[in-house]
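Residue numbers (our numbering): 3 to 108.
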């Protein structure tokens with residue numbers, strides 16, 4: 003059974019017990035990431051959110067694009083959606099840090 007970390011009205015993040023990949027589902031997008039890929043994506047989302055959070059444009063305008071590693075693919079968000087995605091990522095990251103602290107040293 004998958005281990006759920008965080009969810010909100012926009013999506014969720016869970017870990018597959020078999021592969022240990024983090025499954026991030028938000029809006030119409032689902033992605034499976036390694037821990038390193040998750041942290042990289044978290045950084046991209048946080049940087050975009052910081053860049054746009056104080057902008058005066060309509061928060062429901064779909065005008066924030068996140069580039070992907072695919073040459074011709076970007077994810078496009080409203081500020082509200084980006085904030086919800088950031089919430090999922092930051093809360094999951096926090097729970098992963100707590101989990102790591104509670105693991106016995108190997």
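Every residue gets a Cβ at the ideal spot worked out from N, C-alpha and C, and that includes glycine.
Along the chain, where does the beta strand (DSSP E) that runs through residue 2 open and close? Only positions 3 to 108 of the chain appear in this structure, which leaves residue 2 out of reach.
N-terminal and C-terminal residue of the alpha helix (DSSP H) that residue 49 is part of: Counted from its first residue, the chain shown places residue 49 at position 47. For residue 49, the enclosing alpha helix (DSSP H) has its first and last residue at 37–54.
At the level of alpha carbons, what is the spacing between residue 52 and residue 21? For the purposes of this step, residue 52 is taken as residue 50 along the chain shown, with counting starting at 1. For the purposes of this step, residue 21 is taken as residue 19 along the chain shown, with counting starting at 1. Taking the straight line joining both Cα atoms gives about 32 Å.
So, under 8 Å CB-CB, residue 4 and residue 18 are touching, yes? Tell me the CB distance rounded to an integer number of Å. Counted from its first residue, the chain shown places residue 4 at position 2. Counted from its first residue, the chain shown places residue 18 at position 16. Cβ-Cβ separation between residue 4 and residue 18: approximately 6 Å, consistent with a contact (criterion under 8 Å).
Own chain partners of residue 50 with C-beta closer than 7 Å, once the 5 adjacent residues on each side are dropped: For the purposes of this step, residue 50 is taken as the residue at position 48 of the chain shown. Within the same chain, residue 50 has close Cβ partners 66, 68 and 84.
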